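For reference, the structure discussed in these notes is given below.
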Amino acid sequence: MNGEMSGLKVWVRGIVQGVGFRPFVFNLAESLDIKGWVKNTSSGVEIEAMGEPEALRRFVETIRLNPPALARIDDLRTEPIPSNGYATFEIHESQPQAGAFLPVSPDVAICPDCQRELFTPADRRYRYPFINCTNCGPRFSIILDIPYDRPNTSMGSFKLCPACQADYENPRDRRFHAQPVACPVCGPHLWLEAQGEKLAEREDALQSAREMLKNGKILAIKGLGGYHLACDASSPTAVAELRRRKKRSDKAFALMAFDLETIRKHCLVSDEEARLITAHTAPVVLLNRRAESTVAAEAAPGQATLGFMLPYTPLHLLLTELAPGFPEVLVMTSGNLSEEPIAYQDNDARQRLGELADAFLLHDRPIHMRVDDSVAR
Ligand SMILES: [Zn+2]
Ligand SMILES: [Zn+2]
């Protein structure tokens with residue numbers, strides 16, 4: 002330590018957990034040769050930083066002005082402290098504090114990097130329906146308690162395999178301290194069941210589910226924050242049958258298609274609407290329908306608009322993937338009878354949706370918090 006070193010304590014409040022904040026602070030500290038530590042607390046993030054005064058000034062300024070994209074800083078306080086002899090910068094274990102309040106990030110739509118890996122045959126998470134990273138994936142829907150750390154999420158029961166553990170511990174990896182990190186070896190899996198019987202697992206389950214959708218069947222699909230009911234949106238019979246079973250007289254169904262290009266074949270999409278529909282909250286956006294759209298009239302009776310959303314999880318991307326003969330557009334409506342809340346617990350869903358769906362596409366990552374699809378205009 003030389004005489005130029007000073008110390009600073011920093012407290013940050015806001016949406017700062019589950020958004021890659023600690024890895025961001027870690028890498029920033031390393032780039033500025035700052036020593037000390039960062040940790041999650043029940044009220045936000047706490048940092049002790051030792052370094053040259055100019056480095057500390059840039060450190061705080063960067064945190065304030067250029068935090069991770071998904072973070073929201075409500076308050077940042079600093080206080081000079083004596084310089085300690087830290088030799089490294091570390092991420093410390095979290096310290097729960099009773100009674101503190103902490104805002105949690107909403108679930109985040111799959112990011113472009115994970116999307117690319119999902120469809121790259123050489124990637125070890127190729128076609129893995131639960132791929133995620135620090136920049137995307139489940140947050141709110143899997144949280145049990147704060148601080149937002151893996152044991153406090155529904156991923157706590159999935160023990161990381163050595164390869165995922167290495168990703169999780171590598172500060173230069175996109176999955177550094179990503180709590181829901183998983184892969185086909187150690188993470189959740191899909192299966193397809195009907196009348197309580199397992200019909201297929203993993204990729205076979207996905208392909209069988211797609212085959213059923215192609216053949217006009219109605220599927221209950223366990224998603225991120227609840228269950229959806231899905232069917233081929235271009236089949237008047239399938240859509241009318243779903244409407245009959247759901248007892249939903251004439252309200253429009255939400256629709257999903259693989260990409261924006263496909264949606265443009267069915268609707269007019271302005272720049273503003275394109276920005277909205279690709280937002281990381283993936284809302285349903287009401288779009289003016291094209292006359293030539295093949296979406297069945299029964300999907301939105303008497304309406305000039307269609308409510309579209311993009312696939313916001315890897316599972317939904319795999320489910321809607323474009324293929325010859327496969328429906329371009331799926332109905333993706335909340336899994337409930339009209340007026341009832343959306344189902345999000347497995348046994349509740351089996352009971353309540355058993356009469357509505359021909360089969361269930363399920364997985365073993367529990368949903369702890371119910372999240373409905375949001376609608377934007
Ligand atoms: Zn990602
Ligand atoms: Zn793994």
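Just so we're aligned, residue 2 is where the sequence shown starts under my numbering, counting upward by one. Virtual Cβ for every residue (Gly too), placed ideally from N, Cα, C. Note that the coordinates shown come from a computational prediction; the quantities given were computed from them, not determined experimentally.
Inter-segment contact for the region 242 to 260 and the region 309 to 319 is present: three or more beta-carbon pairs are separated by less than 8 Å.
For Tyr87, the closest C-alpha among the options Asp114, Ile48, Arg65 is that of Ile48. The Cβ atoms of Trp12 and Arg78 lie closer than 8 Å to each other. In the displayed model, Met156 falls within coil according to three-state DSSP, outside both helix and strand.
In the three-state scheme derived from DSSP, where H, G and I count as helix and E and B as strand, Phe90 is classed as strand. If the five residues before and after Cys232 are omitted, its C-beta is found closer than 8 Å to the C-beta atoms of Leu214, Gly217, Lys218, Ile219, Leu220, Ala239, Val240, Glu242, Leu243, Leu331, Val332, all from its own chain and listed in chain order. Just so you know, the alpha carbons of Glu91 and Val285 end up roughly 41 Å apart. If the five residues before and after Ala297 are omitted, its C-beta is found closer than 7 Å to the C-beta atoms of Ala234, Ser235, Ser236, Pro237, Val240, all from its own chain and listed in chain order. Bounds of the alpha helix (DSSP H) holding Pro113 are 113 to 119. Burial is judged here by how many other beta carbons sit within 10 angstroms of a residue's own beta carbon; Tyr127 has fewer than 16 and is exposed. The C-beta separation of Arg291 from Ala305 comes to about 11 Å, leaving the pair out of contact by the 8 Å criterion.
Around ligand 2, the residues selected by a Cβ distance under 7 Å to any of its heavy atoms are Leu161, Cys162, Ala164, Cys165, Ala183, Cys184, Val186, Cys187, Gly188, following chain order. Within a 10 Å sphere around the beta-carbon of Phe120 sit fewer than 16 other beta-carbons, which makes this residue exposed. Its chain contains Gly8, Met51 as the residues whose beta carbon lies nearer than 7 Å to that of Asn85, once the 5 sequence neighbours on both sides are disregarded; these appear in chain order.
Along the length of the region 173 to 236, whole beta strand (DSSP E) runs at least 3 residues long occupy 191 to 195, 198 to 202, 220 to 223, 228 to 233, reported in chain order.
Judged by DSSP secondary structure, Asn289 falls within the beta strand (DSSP E) whose first and last residues are 285 to 290. Residue range 261 to 267 is occupied by the alpha helix (DSSP H) that includes Lys266, with no beta strand (DSSP E) assigned at that position. In this structure, Ile144 and Thr154 form a Cβ contact; the two beta carbons are roughly 6 Å apart against a cut-off of 8 Å. Contact between Leu357 and Arg246 is confirmed by a C-beta separation of about 5 Å, below the 8 Å threshold. Here Ala300 has Ala234, Val240, Ala253, Phe254, Leu256, Leu307, Val332 as same chain residues with Cβ atoms under 8 Å from its own Cβ, once five neighbours each way along the sequence are excluded. With 16 or more other CB atoms across the displayed protein chains lying within 10 angstroms of its CB, Leu193 is buried. In the structure shown, Val240 falls within a helical segment according to DSSP collapsed to helix, strand and coil. Just so you know, the alpha carbons of Asp174 and Thr295 end up roughly 43 Å apart. DSSP, reduced to helix, strand and coil, places Asp365 outside both helices and strands of the structure shown, so it counts as coil.
Listed in chain order, the alpha helix (DSSP H) elements of length 4 or more contained wholly in the region 10 to 97 are 22 to 32, 54 to 66. Cβ neighbours of Ala167 within its own chain (closer than 7 Å, five residues either side excluded): none. Only residues of its own chain outside the window of five on either side were considered, and among them Leu161, Arg176, Phe177, His178, Ala179, Val182 have a CB closer than 8 Å to the CB of Tyr169, listed in chain order. Exposure of Gln352 is indicated by the presence of fewer than 16 other C-beta atoms within 10 angstroms of its C-beta. Straight-line measurement puts the Cα of Leu269 at about 6 Å from the Cα of Leu288. Ranking Thr42, Gly197, Lys223, Arg211 by CA distance to the CA of Pro189 puts Lys223 first. Across the set Ala123, Asp75, Ile111, the C-alpha of Ile111 shows the shortest separation from the C-alpha of Asn133.
If you draw a straight line from the Cα of Leu319 to the Cα of Pro81, it comes to about 51 Å. If the five residues before and after Ala350 are omitted, its C-beta is found closer than 8 Å to the C-beta atoms of Ala221, Lys223, Tyr228, Gly336, Ala344, Phe361, all from its own chain and listed in chain order.
Every alpha helix (DSSP H) of 4 residues or more that sits fully in the region 293 to 348 is shown, in chain order, as 315 to 321.
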